[in-house]
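Take the working numbering: the final residue in the sequence shown is number 224, and no numbers are missing along the way. Even glycine gets a Cβ: it sits at the ideal position worked out from N, Cα and C. Here's the structure we're looking at; comments come further down.
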Amino acid sequence: MANLKDQSLQGGSLPRKIAEVWPGSAFYEPNAVKAIQQKVDRLAAHMQKQLNEHEAAMHNTCQVFEYLLQDMENFVECFQSAFDARNPEDLEKYGPRIRSQSDPDRSVGILQILWHAISFTTRGNTKPLALNRPGRPPAFTGRIIALNGDFLDTRSNLHAASFNELLDQEIASLYVPADPAAPAVMSIKHLAGEEIYFHQADAPRRFLLKVVEIVCGGGFFHEQ
């Protein structure tokens, strides 16, 4: 064996006896290389298709989210005006109690309404993910998540949570598909994932209003 090793080190080809038992020898057979290349080509084509759909979905998701942030600013003005009309002294006493803000890269939006804090974020869209469609092909989408709590408040720990931990605070999610003509899908967590469909042009405003309605339409009970 030492002599055979020396031959290989001196630039000679591996003897036939070693090539036949060498673990990777089949890889170098012309037919094996061709079969492997065919499988790799199919996998590459499949993954390229996933990547293309993911990038298209993310483009649409970012666009929808940017409009949501703009709608949030308009929503705050409307909501504050509604409160002021009912109790003008409240503004003088407490100042504005309905606010919105976003982080510098505009991937998180925070809406504060009295004692409620709601966060919207596109973080977590790091790889192609598909929405399961029973009886139909899965649809690759981006995701906007509405969360209970202030994402940017360090006391909430939302900013440091893993994606799975974030979902514990999920109120609802808006799934935005790669096809701009396809409807966006809102899934409501406490209704066992009940789905509502929005045209993508209307999705930012309708998703925002529906989430606020879910959060502010209920109440709290004392702990016992």
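If I measure Cβ to Cβ from Glu194 and keep anything under 8 Å in the same chain, skipping five residues before and after, which residues do I get? If we look at Glu194 and ignore the five residues flanking it on each side, its Cβ neighbours are Ser187 and Ile188.
Separation of Asp84 from Met47, as counted between CA atoms: Whole-angstrom Cα-Cα distance: 54 Å.
By DSSP, does Phe162 sit in helix, in strand, or in coil? Looking at the sequence itself, residue 162 is Ser, so the reference to Phe does not match. Coil.
Should His222 be labelled buried (16 or more other beta-carbon atoms within 10 Å of its own) or exposed? exposed
Do Ser173 and Ile214 have their C-beta atoms within less than 7 Å of each other? no
4 or more residues per run - each alpha helix (DSSP H) lying fully within the stretch 194-222: 203-216
Paired residues, beta bridge with Arg99 - DSSP: Gln112
From the DSSP output, in three-state form, read off Leu152 for me. Reduced to three states, the DSSP call for Leu152 is coil.
Please go through the same chain and pick out, in chain order, the residues whose beta-carbon is closer than 8 Å to the beta-carbon of Asn31, but skip the five residues on each side of it. Around Asn31: no qualifying Cβ.
What is the DSSP secondary structure of Glu29, reduced to helix, strand or coil? coil
Rounded separation between Asn148 and Ile171 - CA only: 6 Å
If we ignore side chains and look at the alpha-carbon of each, how far apart do Phe79 and Gly219 end up? 18 Å
Using the rule of at least 16 other Cβ atoms within 10 Å of the residue's Cβ for burial, across every protein chain shown, is Phe163 buried or exposed? exposed
Straight-line gap, His159 to Gly124 (C-alpha atoms, nearest Å): 12 Å
Quick one: what's Phe173 bridged to in DSSP? At residue 173 the sequence reads Ser, which differs from the Phe that was named. Per DSSP, Ile145 and Ser187.
Say whether the stretch 38-55 touches the stretch 111-131, bearing in mind that this needs 3 or more beta-carbon pairs closer than 8 Å, one atom from each stretch. yes
Look at the alpha carbon of Ile113 and the alpha carbon of Leu208, and state the distance between them as a whole number of angstroms. 13 Å
Proximity test, Cβ basis, 7 Å: Leu191 and chain D: The question asks about chain D, but that chain is absent: this structure has only one protein chain.
Going by C-alpha distance, which of Asp71, Asp202, Arg143 and Arg86 is nearest Glu61? A small fix is needed here, since residue 61 is Thr in this sequence, not Glu. If we check each option's Cα against that of Thr61, Arg143 comes out closest.
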